[in-house]
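Only one structure is covered here, and it is reproduced in the block below.
Below, the structure written as structure tokens:
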């Protein structure tokens, strides 16, 4: 039996490991941290469960497929709970917009802001459905290994004006500024600036409309736990808390890996779910091709980072939905500050995560779990001392949540902590503390992204946010499908 190693037990690494093991390849999954999950790490403090993210689960079918490969059911290991509304969007003037896939209620929400835009929304939905079919269904799990594959996709990209930004495309359908923000903000969930990210990413609207938005009972960590359980069930091996320090090569082939503990293994193929820069610069540091690849990757644009305040508070808050976006007074200007200028602005928009309203099990009885997340420039653009800046920004964010939603928030807090760009860098070896790897620009998508199989090291592969199709759970699970197809063909 052929043997493969997958480095990193994030969603992408786990999905790939399950596919390889299901396909008859004896697979070892190695995770550096003390728990699996990668960015989907979690903490338990004072009876509260805090998910590190991601927390928006869409397209459950792409996950269910991982169990079905060997005739099992995801529902036997993981309970998914529907989230409704998907998001509540709240603007600084007090306007609310409940975003869901219920046609009647969504159209009513649109009509409240601009009746004339209901017809425009219908046109946008048709556009979103078209790019969903072309960009996700047809190409989401296809590896773009050569430029010819990009040429084949060009007619569809041209037909859907992929050179335009999501915000620009949305603006061609609806006139109301709040609606333009409501239907373009989704790219921020995968690290993209709505003002520059390709309009192809408008497919997210159709993805959510068809697949819904879900929550794993007990937290996203329970979904990770279920994936690990299933991987072991079908014969996979997992090593936790032992970082890979070196990927061994001989000529143009990978031969094995070494870990910090001194363990080593020989493999027929190795795939990395680690940060793409870390993979080439550090894990393959002895390989001359990898050094050149790392230098090339270093010239690309990496997505912003995140600053996340986790807090558990006294009381329950049935009026605050599971997912909420608190828009600040600026939209484009704020995005420019984060993506272009690299400054820490005085204002911000907040993604507020409140899982207790769906699943009370993640907090002690009568209490609530939250996190408040703001995008911030990565450490290459914003080289500040987060030990100094972190506590200040944490207070400002909690003050804003208090001002808009929970007036006595500071007296209710039972426990709190924050996670900064420096933590992404230290804990996840994320280049520049980026939260989503390469920024999802058109010129950094598909063939222009890091390839699922290396061009020169013939049995070294990539999976996860840095490769095609990109970040987000459906994205990295799709990358696992693309990479697994290559590996299973190459190993057969």
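In full-length UniProt numbering, the protein residues as written are 1 to 492. A virtual CB, placed ideally from N, CA and C, is assigned to each residue, including glycine. Everything numeric in this text was worked out from a predicted model, so none of it was measured.
{"query": "Spatially closest choice to residue 51 from 294, 35, 489, by CA coordinates", "result": "35"}
{"query": "Backbone secondary structure at residue 74 - three-state DSSP", "result": "helix"}
{"query": "Residue nearest to residue 163 in terms of C-alpha spacing, selected from 22, 177, 194", "result": "194"}
{"query": "Neighbourhood of residue 187 by C-beta distance below 6 Å, restricted to the same chain and skipping five residues each side", "result": "166, 194, 197, 201"}
{"query": "Those residues which DSSP pairs with residue 323 across a bridge", "result": "353"}
{"query": "Residue 174 beta carbon less than 8 Å from that of residue 117", "result": "yes"}
{"query": "Cβ-Cβ separation, residue 231 to residue 17 (assumed contact under 8 Å), whole Å", "result": "6 Å"}
{"query": "Cβ-Cβ separation, residue 9 to residue 37 (assumed contact under 8 Å), whole Å", "result": "7 Å"}
{"query": "Length at least 3, wholly inside the segment 254-293: the beta strand (DSSP E) runs in chain order", "result": "264-266, 269-272"}
{"query": "Nonlocal neighbours in the same chain, by C-beta distance under 6 Å from residue 425, ignoring five residues either side", "result": "433"}
{"query": "With 16 other Cβ atoms within 10 Å as the buried cut-off, status of residue 39", "result": "buried"}
{"query": "Where residue 209 falls: helix, strand or coil (DSSP)", "result": "helix"}
{"query": "Test item: CB-CB of residue 304 and residue 351 under 8 Å", "result": "no"}
{"query": "N-terminal and C-terminal residue of the alpha helix (DSSP H) that residue 301 is part of", "result": "It is not in any alpha helix (DSSP H) - residue 301 carries neither H nor E in the DSSP assignment."}
{"query": "Rounded C-alpha distance that separates residue 400 from residue 33", "result": "33 Å"}
{"query": "Bridge partner(s) assigned by DSSP for residue 26", "result": "3"}
{"query": "Complete alpha helix (DSSP H) runs within the segment 45-89 (minimum length 4 residues, chain order)", "result": "60-68"}
{"query": "Sequence-distant residues of its chain with Cβ nearer than 8 Å to residue 73 (five each side left out)", "result": "64, 67"}
{"query": "Endpoints, alpha helix (DSSP H) assigned at residue 125", "result": "117-131"}
{"query": "Under 8 Å between C-beta atoms of residue 349 and residue 325", "result": "yes"}
{"query": "Element boundaries [alpha helix (DSSP H), containing residue 462]", "result": "No alpha helix (DSSP H) contains residue 462, which is instead part of the beta strand (DSSP E) from 460-462."}
{"query": "Inter-stretch contact (C-beta, 8 Å, three-pair minimum) for the segment 266-277 and the segment 461-472", "result": "yes"}
{"query": "Cβ contact check for the segment 176-184 and the segment 286-293: 3 or more pairs under 8 Å", "result": "no"}
{"query": "Three-state secondary structure (DSSP) of residue 31", "result": "strand"}
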